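The opening residue of the sequence shown carries number 1 in UniProt numbering; numbering runs sequentially from there. C-beta: ideal position from N, C-alpha, C; glycine also. Since we're looking at a predicted model, the values are computed, not measured. Below is one structure, written out as structure tokens; the observations come after it.
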Amino acid sequence: MKKIKIGTRKTPLAMRQTQIIIDLLRKKMGLFDYEIVSTKTLGDKLQDVSLKEIGGKGVFVKDIEAGLLTGEIDLAVHSAKDMPFKLLTGLTIGALAPRASAHDVVVFRESTIHTLTGLPPNAVIGTSSSRRDLQLLTLRSDIQIKDIRGKIETRLSKLENGDFDALILAEAGLSRMNYLKDLRYQRLSISECVPAVGQGALTVECRADDTEILNLLGQINDELTSEAVKIEREFLEVLNGNCDLPLGAYAHKIAGGWQLTAYLAENRDVTGEKIVLLSDTSDGLGRNAAEKLLWRK
1 MKKIKIGTRK TPLAMRQTQI IIDLLRKKMG LFDYEIVSTK TLGDKLQDVS LKEIGGKGVF
61 VKDIEAGLLT GEIDLAVHSA KDMPFKLLTG LTIGALAPRA SAHDVVVFRE STIHTLTGLP
121 PNAVIGTSSS RRDLQLLTLR SDIQIKDIRG KIETRLSKLE NGDFDALILA EAGLSRMNYL
181 KDLRYQRLSI SECVPAVGQG ALTVECRADD TEILNLLGQI NDELTSEAVK IEREFLEVLN
241 GNCDLPLGAY AHKIAGGWQL TAYLAENRDV TGEKIVLLSD TSDGLGRNAA EKLLWRK
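Structural data, given as structure tokens:
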């Protein structure tokens, strides 16, 4: 039985997400054995340094991609939101799994609080995302934003220890770890907090010339998720986006076409602009949104 080596980050969420991909592969192709090769990426090692200082978008995938290029692993599982808009030469996205929730959630420390409006004045909310904090400030201008990094478990521990009144996190990760049932949280609508590009989706990356792996991944690729993330990544590419640029995009299929909700702020000192576009085709939708938002500035 052939063994396929799968690279991923060395965090509980990344390991769980990789197992989701393995389960999908086993349903389609049971003739392979799978081995997880975990890596502590640069983004995981430098917890006390901002993502901007250590390279922005890509710091959670570059070390794993190195294993693909050397042949140490056969494919890699990433959170789609961690993927830079430009892939390394020789690598390609082989599949996207069916998307989970793209929403952000606000998780509260106090058991009596269930909504943003219930937080006390000047409450402290933890996030390392400028996209999240700028949009959150439009909902509660008095809140205090405090930077927080680390795996989900570390962040939740800091919340319970009283370092924060609330955190803002991706719903998909909390759901995959089965944590939501024990938390007090409010789901933010897409219009309240436009998600990161690819949020909630899992990307499987492989070598562009590995036809065997590409054929295997083609059997688990979710076409709607793939098309939606393609639209969002086009938006990202036009803006040359990275983790420091406050932007978000969420595309989904509607009757007769596609809808894209996009967000862009020039920097961390402005609230930014949002736009909703409808189109009967996905072609050029991400580019159109990016150009319209740039034109408004």
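Delimiting residues of the beta strand (DSSP E) encompassing residue i
| i | result |
| --- | --- |
| residue 146 | 144-146 |
| residue 282 | First-last for residue 282: undefined, no H or E at that position. |
| residue 133 | Unbroken run through residue 133 is the alpha helix (DSSP H), 130-139; no beta strand (DSSP E). |
| residue 39 | 32-39 |
| residue 262 | 257-264 |
| residue 245 | First-last for residue 245: undefined, no H or E at that position. |
Start-to-end residues for the alpha helix (DSSP H) that takes in residue i
| i | result |
| --- | --- |
| residue 75 | That residue, residue 75, is in no alpha helix (DSSP H); its beta strand (DSSP E) goes 75-79. |
| residue 153 | 152-160 |
| residue 272 | Here residue 272 belongs to no alpha helix (DSSP H), and DSSP marks it neither H nor E. |
| residue 11 | Looking at the DSSP string, residue 11 is not in any alpha helix (DSSP H), and its letter there is neither H nor E. |
| residue 236 | 223-238 |
| residue 174 | 171-176 |
Beta-carbon separation (whole angstroms), residue i vs residue j, contact threshold 8 Å
| i | j | result |
| --- | --- | --- |
| residue 204 | residue 94 | 5 Å |
| residue 232 | residue 249 | 4 Å |
| residue 175 | residue 289 | Residue 175 to residue 289, Cβ: 27 Å. No contact. |
| residue 216 | residue 25 | 7 Å |
| residue 13 | residue 151 | 7 Å |
| residue 261 | residue 194 | 6 Å |
| residue 22 | residue 34 | 5 Å |
| residue 286 | residue 227 | Not confirmed; about 11 Å, so no contact. |
| residue 16 | residue 177 | 6 Å |
| residue 90 | residue 119 | That belief does not hold up - the Cβ atoms of residue 90 and residue 119 are roughly 48 Å apart, past 8 Å. |
| residue 220 | residue 28 | 6 Å |
| residue 166 | residue 125 | 5 Å |
From the options, residue whose alpha carbon lies closest to that of residue i
| i | options | result |
| --- | --- | --- |
| residue 239 | 208, 295, 90, 192 | 295 |
| residue 80 | 98, 66, 116, 90 | 98 |
| residue 127 | 225, 147, 158 | 147 |
| residue 141 | 85, 76, 116, 195 | 116 |
| residue 256 | 35, 134, 96, 278 | 278 |
| residue 263 | 253, 130, 170, 224 | 130 |
| residue 106 | 153, 120, 169, 119 | 169 |
| residue 381 | 266, 19, 293, 287 | Because the chain in this structure spans residues 1 to 297, residue 381 falls outside the shown range and cannot be described. |
| residue 78 | 69, 283, 96 | 96 |
| residue 11 | 31, 29, 39, 183 | 39 |
| residue 282 | 254, 273, 266 | 254 |
| residue 164 | 259, 284, 86, 109 | 109 |
| residue 210 | 82, 155, 92, 63 | 92 |
| residue 186 | 230, 114, 212, 82 | 114 |
| residue 284 | 265, 229, 246 | 229 |
| residue 88 | 104, 67, 123, 159 | 67 |
| residue 86 | 103, 62, 104 | 62 |
Any non-hydrogen atom of the ligand COA closer than 8 Å to residue i Cβ
| i | result |
| --- | --- |
| residue 85 | By its list of ligands, the structure shown contains no ligand whatsoever, and the ligand COA lies outside what it can speak to. |
Which ranges does the beta strand (DSSP E) cover as unbroken runs of at least 3 residues, wholly within the region 181-217, from first to last along the chain?
-> Within the region 181-217, the complete beta strand (DSSP E) runs of at least 3 residues are 184-187, 202-207.
Note down, one range per segment and in chain order, each alpha helix (DSSP H) of at least 4 residues found wholly within the region 60-128.
-> Whole alpha helix (DSSP H) segments, 4+ residues: 62-70.
Is the region 62-75 touching the region 122-138 in the sense that three or more CB pairs, one from each, lie closer than 8 Å?
-> Between the region 122-138 and the region 62-75, the count of C-beta pairs closer than 8 Å stays below three; the two stretches do not touch.
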